[in-house]
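Those sequence lines, one after another, are chains A and B.
Residues 0 to 291 in numbering that gives the first Met the number 0 are what the first sequence spells out, letter by letter.
Residues 0 to 321 in numbering that gives the first Met the number 0 are what the second sequence spells out, letter by letter.
Structure record follows, encoded as structure tokens.
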Amino acid sequence: MTENSARHSEESGTIAAAPSKLYVYAIVPAGDYTPKVNGIDGSPVHLIGDTEGPRAIVHTHDGGPYDGADDDVKRWVLQHSEVVEDGWQGAGSVLPVSFNVIVRPDAESGATSTEQLEGWLGESKGALSKRLGELDGTSELRVEISLDRDTFVEANDEVRRIKDDMEGRPAGVRRLLEKRLEKTEKELADREADDLYPALRARIAEQCLAIEEYRRPARNAGKTPILTASCLVTEPGIQNLGAELTAIQNELTDTEIRFLGPWPPYSFADMSDSVADMSGPEAQKPESQEST
Amino acid sequence: MADDAIMQPTRDPRATLPDLIEVLLNKGVYLNLDLIISVSDIPLIGVNLRATIAGIETMLEYGMMRQWDEDTRKWVQQSVRAHLPLAEDEEIIAKMAGGHYQDNFYRTWRPGSAYLTSQRLIIHRRDPAETLWQAKLSSIESITPLSEPSIGGEERIRILVRLDDGSESKLSALEPERLIRLVQEQRGAALQPSTGRVSSSSSQPLKQGRMWYLEALSGGGTWRGGEGTLTGHDLTWKSPMDSRALVRISASQVRNLHWEKHDNPTDKAHILFVETERSSIRLAADDIDGWYDELEQWSASEQQDPAVGNPREKTDEGESWH
Chain A
0 MTENSARHSE
10 ESGTIAAAPS
20 KLYVYAIVPA
30 GDYTPKVNGI
40 DGSPVHLIGD
50 TEGPRAIVHT
60 HDGGPYDGAD
70 DDVKRWVLQH
80 SEVVEDGWQG
90 AGSVLPVSFN
100 VIVRPDAESG
110 ATSTEQLEGW
120 LGESKGALSK
130 RLGELDGTSE
140 LRVEISLDRD
150 TFVEANDEVR
160 RIKDDMEGRP
170 AGVRRLLEKR
180 LEKTEKELAD
190 READDLYPAL
200 RARIAEQCLA
210 IEEYRRPARN
220 AGKTPILTAS
230 CLVTEPGIQN
240 LGAELTAIQN
250 ELTDTEIRFL
260 GPWPPYSFAD
270 MSDSVADMSG
280 PEAQKPESQE
290 ST
Chain B
0 MADDAIMQPT
10 RDPRATLPDL
20 IEVLLNKGVY
30 LNLDLIISVS
40 DIPLIGVNLR
50 ATIAGIETML
60 EYGMMRQWDE
70 DTRKWVQQSV
80 RAHLPLAEDE
90 EIIAKMAGGH
100 YQDNFYRTWR
110 PGSAYLTSQR
120 LIIHRRDPAE
130 TLWQAKLSSI
140 ESITPLSEPS
150 IGGEERIRIL
160 VRLDDGSESK
170 LSALEPERLI
180 RLVQEQRGAA
190 LQPSTGRVSS
200 SSSQPLKQGR
210 MWYLEALSGG
220 GTWRGGEGTL
230 TGHDLTWKSP
240 MDSRALVRIS
250 ASQVRNLHWE
260 KHDNPTDKAH
270 ILFVETERSS
280 IRLAADDIDG
290 WYDELEQWSA
300 SEQQDPAVGN
310 PREKTDEGES
320 WH
């Protein structure tokens, strides 16, 4: 595996001898930004690309991809995010590159990794600059609204009826009724979430430049997710969105709201042409939309 | 301080670390690998066995497999093999969330992922690892969409697979139509075409089809593609990117229905404007005239016969908040 090579990457940082690779953190626009932080495991970072065009924040990398124990991966991911964050704050706009993206030299043409990356930056200059311009001064916020099932079903007649029915029943029957109760509660909460969703999404979308839902990997027991979305906002947008969420929380006491960020616009760095004009996330995969 | 009352986002790493890791592994990964690989030929490696498996699988979901270079493909095959045994020359073509309807002693949907390989269609669960259902592509006699109501009454498209031994299985998938098409592509012309044959196990929608919805954002409106469905009790519109239907109105809620001249992604000059007590909805479709007629009838019938209630009617005071 590649574990060892990744571990040893920082000791052997010479460019001339072995064909070095470049670990890429982010793309920043033209300007006088210089990175103020170090990268993964303290690797010194530098910029690739000419001062006129978009530039890439990289470190010279001699190993393979980072691979190791979960705690190591967490640390590396955070160190990666610190570089992205520095670019975001220092350069005003950033296209985050994901963890473990490494450019290597081209053996056939003899181009170094730096030349490879410079070539790519040159070719993609138009699209990159356009997207960086669109993302200028923006942040990503995450909003997660879920329904607290216990609070929600408390007053429900059907639930109360099943609960009353359970009183004094033998254990076997109770177990069956408990199962039915749980199913009923989930269905009721899910239906409520369906009903709440359109207005909540509309209220939140109105405060965002773009909104994109994501799926939460781990679900909280006892909670029915209503809306889980990444929001692209400008600086004043953070306050506006916060105010809207405050209003929602006050109106809907049985919901729970998580409000995270502000982060660099990780979820909105998509560069595919169709998305660059903000025509909506579906445009990415029109093939899935064909009607039968 | 006046701001005290306004909810502030948190950056506290103790609360946000898992989210941050998820976003860096998932979001960045596929966007940029896709970007770089498809834009130029820079050989790229973006691999971390355990950490990026989620990202890699997301890429599979986006069907980017064919755009990858040889090394990346090989690596993906390997990493998928770690939890899903594949034959030597078997290649993964697509993957999406999916499930299998177990219809024996227990009748239940078992969730996992639907994998389409060059040889098989598989419903597999990673943790704990179990192949819930599988079939050789060569044994599939037909694969067709099946519309049926899910919990909450919403119509969902399932997948009905008929094998050459006469058996039938019901599957679910995040994008059922896309999966069906991919299976058919993979099987070639050998499969019977299923275009438009949505059989229904209960109430057939009055009308269903591709529809655009104008979503209001802070910078203006944006048209989003999705599917509109009109049944006896409600009109819904849902994007495959969203978790729930963004439009859900019953006929009795419709206050006003009229044409509006508006730029839209179709060739039509007009869009449909639906006004309810709570919202103003703008919809576009290639077949917008058909939708208009159908909706007009639908909302009119409701007005004439108020006894036909909304079956989704609430059982509590859930609407008082607005």
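Note that beta-carbon positions come from the ideal geometry of N, C-alpha and C, so glycine has one too.
None of these values were measured; they are calculated from a predicted model.
- Going by DSSP, Glu181/A is part of the alpha helix (DSSP H) stretching over Ala170 to Ala204.
- Each residue's CA atom was taken as its position, placing Pro175/B and Gly165/B some 22 Å apart.
- Within the DSSP secondary-structure output, His99/B pairs in a beta bridge with Arg109/B and Leu170/B.
- Contact annotation: Leu282/B and Met210/B have beta-carbon atoms nearer than 8 Å.
- For a Cβ distance threshold of 8 Å, residue set Pro8 and Arg10 of chain B lies close to Pro261/A, ordered along the chain.
- Sequence-distant partners of Gly260/A (beyond 5 residues in either direction) whose C-beta falls short of 7 Å from its own C-beta, in its chain, are Ser138, Glu139, Leu140 and Arg141.
- Shown in chain order are the members of the segment 224-257 of chain B whose Cβ falls below 8 Å from a Cβ of chain A: Gly224, Gly225, Glu226, Ser238, Pro239, Met240, Asp241, Ser242, Arg243, Ala244, Leu245, Val246 and Arg247.
- Listed in chain order, the positions of the segment 205-216 of chain B with a beta carbon within less than 8 Å of a beta carbon of chain A are Gly208, Arg209, Glu214, Ala215 and Leu216.
- If only complete runs of 3 or more residues are kept, the segment 210-240 of chain A shows the beta strand (DSSP E) at 222-233, in order along the chain.
- In the structure shown, Tyr265/A falls within a helical segment according to DSSP collapsed to helix, strand and coil.
- The way I'd put it, the segment 203-212 of chain A doesn't touch the segment 180-194 of chain A; fewer than three beta-carbon pairs between them come closer than 8 Å.
- With the criterion set as a beta carbon lying under 8 Å from some beta carbon of chain A, the members of the segment 273-293 of chain B are Arg277 and Ser278, in sequence order.
- Its chain contains Leu162 and Asp163 as the residues whose beta carbon lies nearer than 6 Å to that of Ser138/B, once the 5 sequence neighbours on both sides are disregarded; these appear in chain order.
- Distance check between Ala198/A and each of Val182/B, Gln203/B, Ala215/B and Leu178/B places Ala215/B closest, using alpha-carbon atoms only.
- Put simply, the segment 17-32 of chain A touches the segment 118-131 of chain A. At least three CB pairs are less than 8 Å apart.
- Taking a C-beta distance under 8 Å as the contact criterion, Val102/A and Leu46/A do not qualify as a contact pair.
- Taken atom to atom, the span from the alpha-carbon of Leu134/A to that of Gln115/A is near 25 Å.
- Pairing Ile225/A with Ser112/A gives a Cβ-Cβ distance that is not under 8 Å.
- In this structure, the CA atom of Val152/A is about 21 Å from the CA atom of Arg257/A.
- Note on geometry: alpha-carbon atoms of Gly219/B and Pro235/A lie some 16 Å from one another.
- In this chain, Val158/A is not harboured by any beta strand (DSSP E); it is covered by the alpha helix (DSSP H) spanning Asp156 to Met165.
- Within chain B, no residue has its beta carbon less than 8 Å from that of Pro28/A; the closest one is some 16 Å off.
- Where Ala25/A is concerned, the enclosing beta strand (DSSP E) starts and stops at Lys20 to Val27.
- Against chain B, the beta carbon of Asp147/A has no neighbour under 7 Å; the closest one sits roughly 13 Å away.
- Taking the Cα positions, Gly41/A is about 15 Å away from Val83/A.
- Tyr291/B is bridged by DSSP to nothing; it lacks a bridge partner.
- Put simply, the CB of Asp266/B is far from chain A, with every gap to its CB atoms at 8 Å or more.
- Ranked by Cα distance from Trp75/A, the first of Asp126/B, Leu16/B, Gln207/B and Lys94/B is Leu16/B.
- Neighbourhood of Leu134/A in chain B, by CB distance below 8 Å: empty, with the nearest CB roughly 13 Å away.
- Chain-order list of chain B residues neighbouring Ala220/A: empty, with the shortest C-beta distance near 16 Å, by a criterion of under 9 Å.
- In the three-state scheme derived from DSSP, where H, G and I count as helix and E and B as strand, Ile5/B is classed as coil.
- Leu120/B is the residue among Leu120/B, Gln296/B and Asp266/B whose C-alpha sits nearest the C-alpha of Lys94/B.
- Beta bridge pairing from DSSP links Gly220/B with Ala215/B.
- Put simply, the CB of Gly218/B is near chain A, with a gap under 8 Å to one of its CB atoms.
- Taking C-alpha positions only, Ser249/B is separated from Arg202/A by approximately 20 Å.
- Taken atom to atom, the span from the alpha-carbon of Gly86/A to that of Thr221/B is near 29 Å.
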